[in-house]
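Chemist:
Residue numbers (the numbering used here), protein chains in the order written: chain A, 353 to 700; chain B, 36 to 247.
1) So is residue 581 (chain A) buried or exposed if we call it buried at 16+ other beta carbons inside 10 Å?
2) Where are the alpha helix (DSSP H) runs, 4 residues long or more, that stay fully inside the stretch 642-667 of chain A, in chain order?
3) Compare the C-alpha of residue 195 (chain B) against each of B:41, B:118 and B:242 and name the closest.
4) Determine whether the beta carbon atoms of residue 402 (chain A) and residue 61 (chain B) lie at a separation below 7 Å.
5) Taking contact to mean 3 or more Cβ pairs, one atom from each stretch, closer than 8 Å, check whether the stretch 475-493 of chain A and the stretch 648-658 of chain A are in contact.
6) Going along the chain, which residues of its own chain have a beta-carbon closer than 6 Å to the beta-carbon of residue 561 (chain A), five neighbours each way excluded?
7) Going by other Cβ atoms of all chains shown within 10 Å of its Cβ, with 16 needed for buried, is residue 395 (chain A) buried or exposed?
8) Please confirm whether residue 538 (chain A) has its beta-carbon closer than 7 Å to some beta-carbon of chain B.
9) Assuming the contact rule is C-beta atoms closer than 8 Å, residue 551 (chain A) and residue 633 (chain A) should be a hit. Round their C-beta distance to whole Å, please.
10) So what does DSSP say about residue 144 (chain B), is it helix, strand or coil?
11) In the DSSP assignment, the alpha helix (DSSP H) including residue 558 (chain A) goes from what residue to what residue?
12) Please report whether the beta-carbon of residue 398 (chain A) lies at a distance below 7 Å from any beta-carbon of chain B.
13) Tell me residue 538 (chain A)'s beta-bridge partners as DSSP assigns them.
14) Between the alpha carbons of residue 93 (chain B) and residue 129 (chain B), how many angstroms are there, rounded?
15) When you compare only the Cα positions, how much space is there between residue 614 (chain A) and residue 354 (chain A)?
16) Would you identify the three-state DSSP class for residue 442 (chain A), choosing helix, strand or coil?
17) Does the stretch 57-71 of chain B come into contact with the stretch 662-681 of chain A, if we say contact requires no fewer than three beta-carbon pairs (one atom in each stretch) closer than 8 Å?
18) Under the assumption that residue 510 (chain A) contacts residue 517 (chain A) (Cβ atoms under 8 Å), give the Cβ distance between them as a whole number of angstroms.
19) Please list, in chain order, the chain A residues whose beta carbon lies closer than 7 Å to that of residue 109 (chain B).
20) Do you know offhand how far residue 496 (chain A)'s Cα is from residue 455 (chain A)'s?
21) For the stretch 57-91 of chain B, which residues have a beta carbon sitting closer than 8 Å to at least one beta carbon of chain A?
22) Shorter than 7 Å from the beta carbon of residue 385 (chain A) to some beta carbon of chain B?
23) Give the residues of chain B in contact with residue 395 (chain A), contact being defined as C-beta atoms less than 7 Å apart.
24) Can you tell me where the alpha helix (DSSP H) holding residue 107 (chain B) begins and where it ends?
25) Suppose contacts are defined by Cβ-Cβ distances below 7 Å. Is residue 631 (chain A) in contact with residue 462 (chain A) by that definition?
26) Run the CB neighbour count on residue 136 (chain B), radius 10 Å, all protein chains shown included, and call it buried at 16 or more, exposed below.
27) One question on the structure: do residue 488 (chain A) and residue 421 (chain A) come within less than 7 Å of each other, judged by their Cβ atoms?
28) Closer than 7 Å, CB to CB, is residue 380 (chain A) near chain B or not?
29) Between A:385, A:661 and A:365, which lies nearest to residue 356 (chain A) when the distance is taken from Cα to Cα?
30) Could you tell me which chain B residues have their CB closer than 8 Å to the CB of residue 709 (chain A), listed as they occur along the chain?
31) Identify which residue in A:662, A:677 and A:363 has its Cα closest to the Cα of residue 687 (chain A).
32) Nearest-angstrom Cα distance between residue 508 (chain A) and residue 692 (chain A)?
33) Does the beta carbon of residue 221 (chain B) fall short of 6 Å from some heavy atom of the ligand HEM?
34) Do we get a CB-CB distance below 7 Å when we pair residue 233 (chain B) with the residues of chain A?
Have a look at this one:
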């Protein structure tokens, strides 16, 4: 671990402070072997028990150290960055503008991704539906909660930890994902109500999986030579672009998803990926089968009317899954539709 | 040092296997926690050229072992003896470097005499140093190496301990595999081996000092 942490600026001191470890515990940690990515849960749990810290806290601290080491390497490659953007960097933001949530059942692949996120977490995290902890266990991602999430604050956080700032900028944010060389950090507005905080986290995690890690895995499988381009280690050639098209791994996807039209509206590609990320977020927070079970068990309000059933279902979903009211209503409507409960003619 | 304070050899073997297997991420740390105090205790009782370097050299040696645990072969002797020799080798190298620096800074003075109490190099190295110092032919140098090559691995480990000035019986007994015997029996057997090796080294020195 000592060698592993040395890649992170001030890594040892930061991890000691964040975990409130004694010198003896830190020394024990430093002599442990670094956790293997494919055995992250088992290895981190073993190390945490040995050094006497809570395992999810250790997992989060290790994720943060790793992402800072990765982002720190951007400093070295900045001179190679193209004028037209940051090749290899994914930055996806969830701003404070109102958004439309998808009101249909998520695709099977998205549902499976959400299930695998929960399965990667230890039982106590699943039991308390701790989304933040689940993300940390499931993916190479750190979660950072900042008061008033603005680009300036994000950049200050990065620079304070030895990472270069982001060059792009948009207005106030609820969440921001930054991914680089297979490591990521999700920044969230820490002043959000808990339900919004969870939805924002889940949404950004959806971007990480759907727009970064899954395409990256496809590239690794089908065109491993392109990884250098995706990681910003070199600029794409025309041959790379052709190979990327054949591998269905658009190189531009990894640049950034922050673009909006001059009128403030989102670009079409941005809307598409936002929809997918939201779909994943709803599936993660309110898994489809659990939702249907919940709705089936709901007593029918009297007199029966669709608006009342929808309101009752939305309230139940919000309570059970800790969803914001708008997300709970969208999810409840989709669930009722799947159960054959639709608005009557006059309610449409 | 007493063998009573040493970690259980069975536990060391078990941890060594775990370190090599790489499955348990805490195995290196558990091993380091056993090795570091045991080595510090051993070197605390040794007559050393530079006691101040010992702690960091022990740390480096344990780190080297943990980085490449396969380099240690359990069938060739106990792990503590293996690490002892590694640290002792580092100490000798460091001492040699200082001597060379001193000689470089004030040429013609402060030459270390063979057998001087100023240094506690291994007997093996003292023999080779003697050959080098008198600038004898490469043939004699080769003869020295041939003679030394005839020592068994166990004898070489004992010579290392002698050269490092270890007085305690424990490390010798461990190399000889008699740590389980009563202390009086250990001391008797260790003394017998020390005498035997000193005589043999004396014979080698004598051979080398004679003309070809």
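Backbone N, C-alpha and C fix where the C-beta goes; we use that ideal spot for every residue, glycine too. Here the structure is a predicted model, which is why all the values come from computation and not from measurement.
Modeler: If we stick to the structure as given:
1) As a working note, residue 581 (chain A) is residue 229 in the first chain. Per the 10 Å Cβ criterion, buried.
2) With a minimum length of 4 residues, no continuous alpha helix (DSSP H) run stays inside the stretch 642-667 of chain A.
3) Walking along the second chain from the start, residue 195 (chain B) turns up at place 160. Comparing Cα-Cα distances from residue 195 (chain B) to each of B:41, B:118 and B:242, the minimum goes to B:118.
4) Here the question's residue 402 (chain A) lines up with position 50 in the first chain. Here the question's residue 61 (chain B) lines up with position 26 in the second chain. Judged by their CB atoms, residue 402 (chain A) and residue 61 (chain B) are nearer to each other than the 7 Å cut-off.
5) No, the stretch 475-493 of chain A does not touch the stretch 648-658 of chain A.
6) Counting from one through the first chain, the residue named residue 561 (chain A) turns up at place 209. Scanning its chain for C-beta atoms nearer than 6 Å, with the 5 sequence neighbours on each side dropped, one finds around residue 561 (chain A) the residues 465, in chain order.
7) Your numbering for residue 395 (chain A) matches position 43 in the first chain. Residue 395 (chain A) is buried by the Cβ-count criterion.
8) One-based indexing of the first chain puts residue 538 (chain A) at position 186. Not one chain B Cβ lies under 7 Å of residue 538 (chain A).
9) Translated into the one-based positions of the first chain, residue 551 (chain A) becomes position 199. Translated into the one-based positions of the first chain, residue 633 (chain A) becomes position 281. Between residue 633 (chain A) and residue 551 (chain A) the Cβ distance is about 6 Å, and since that is below 8 Å, they are a contact.
10) Position 109 of the second chain holds residue 144 (chain B). Low per-residue confidence applies at residue 144 (chain B): pLDDT is 44, beneath 50, and the placement is therefore not dependable enough to give any value.
11) Sequence index remark: in the first chain, residue 558 (chain A) carries index 206 (1-based). Note, residue 558 (chain A): alpha helix (DSSP H), 546-559.
12) Position 46 of the first chain, counted from the start, is the residue given in the question as residue 398 (chain A). Cβ-Cβ to chain B under 7 Å: yes for residue 398 (chain A).
13) Here the question's residue 538 (chain A) lines up with position 186 in the first chain. In the DSSP assignment, the residues bridged to residue 538 (chain A) are A:495 and A:529.
14) Counted from its first residue, the second chain places residue 93 (chain B) at position 58. Counted from its first residue, the second chain places residue 129 (chain B) at position 94. Cα to Cα, the separation comes out at about 13 Å.
15) As a first step, residue 614 (chain A) must be located in the first chain, where it is residue number 262. As a first step, residue 354 (chain A) must be located in the first chain, where it is residue number 2. Its pLDDT being 47, under 50, residue 614 (chain A) is placed unreliably by the model, and the measurement read from it follows with that caveat. Computed Cα separation, rounded: 48 Å.
16) The sequence position of residue 442 (chain A) within the first chain is 90, counting from 1. Three-state DSSP puts residue 442 (chain A) in a strand.
17) With a cut-off of 8 Å, the stretch 662-681 of chain A and the stretch 57-71 of chain B do not count as touching, because too few Cβ pairs lie within range.
18) Here residue 510 (chain A) is taken as the residue at index 158 of the first chain, counted from 1. Here residue 517 (chain A) is taken as the residue at index 165 of the first chain, counted from 1. About 6 Å; that satisfies the 8 Å criterion.
19) Taking the second chain and counting its residues from 1, the one referred to as residue 109 (chain B) is at position 74. Chain A residues near residue 109 (chain B): none, gap ~20 Å exceeds 7 Å.
20) Counting from one through the first chain, the residue named residue 496 (chain A) turns up at place 144. Counting from one through the first chain, the residue named residue 455 (chain A) turns up at place 103. Rounded to the nearest angstrom, the two C-alpha atoms are 29 Å apart.
21) 57, 59, 60, 61, 62, 63, 64, 65, 67 and 68
22) Counted from its first residue, the first chain places residue 385 (chain A) at position 33. Yes, because at least one Cβ of chain B sits closer than 7 Å to the Cβ of residue 385 (chain A).
23) As a working note, residue 395 (chain A) is residue 43 in the first chain. Ordered by position in chain B, the residues that pass the 7 Å Cβ test against residue 395 (chain A) are 60.
24) Sequence index remark: in the second chain, residue 107 (chain B) carries index 72 (1-based). Element bounds for residue 107 (chain B): n/a, residue is neither H nor E.
25) As a position in the first chain, residue 631 (chain A) is number 279, starting the count at 1. As a position in the first chain, residue 462 (chain A) is number 110, starting the count at 1. Going by C-beta atoms, residue 631 (chain A) is nearer than 7 Å to residue 462 (chain A).
26) In the second chain, counting from the first residue as 1, residue 136 (chain B) sits at position 101. So residue 136 (chain B) counts as exposed.
27) By 1-based counting over the first chain, the position of residue 488 (chain A) is 136. By 1-based counting over the first chain, the position of residue 421 (chain A) is 69. Contact: no.
28) Here residue 380 (chain A) is taken as the residue at index 28 of the first chain, counted from 1. Chain B contact via Cβ: present.
29) Position 4 of the first chain, counting from 1, holds the residue named residue 356 (chain A). Looking only at A:385, A:661 and A:365, the smallest Cα-Cα distance to residue 356 (chain A) is reached by A:385.
30) A query on residue 709 (chain A) cannot be resolved here, the shown segment of chain A reaching from 353 to 700 and no further.
31) In the first chain, residue 687 (chain A) corresponds to position 335, counting from 1. Taking only the C-alpha atoms, the option nearest residue 687 (chain A) is A:662.
32) As a first step, residue 508 (chain A) is located in the first chain; it is residue number 156 there, counting from the start. As a first step, residue 692 (chain A) is located in the first chain; it is residue number 340 there, counting from the start. Roughly 51 Å separates the two Cα atoms.
33) Of ligands this structure carries none, so the ligand HEM is not represented either.
34) Stepping through the second chain from its first residue, residue 233 (chain B) is reached at position 198. For residue 233 (chain B), the answer is no, since every Cβ of chain A falls outside 7 Å of its Cβ.
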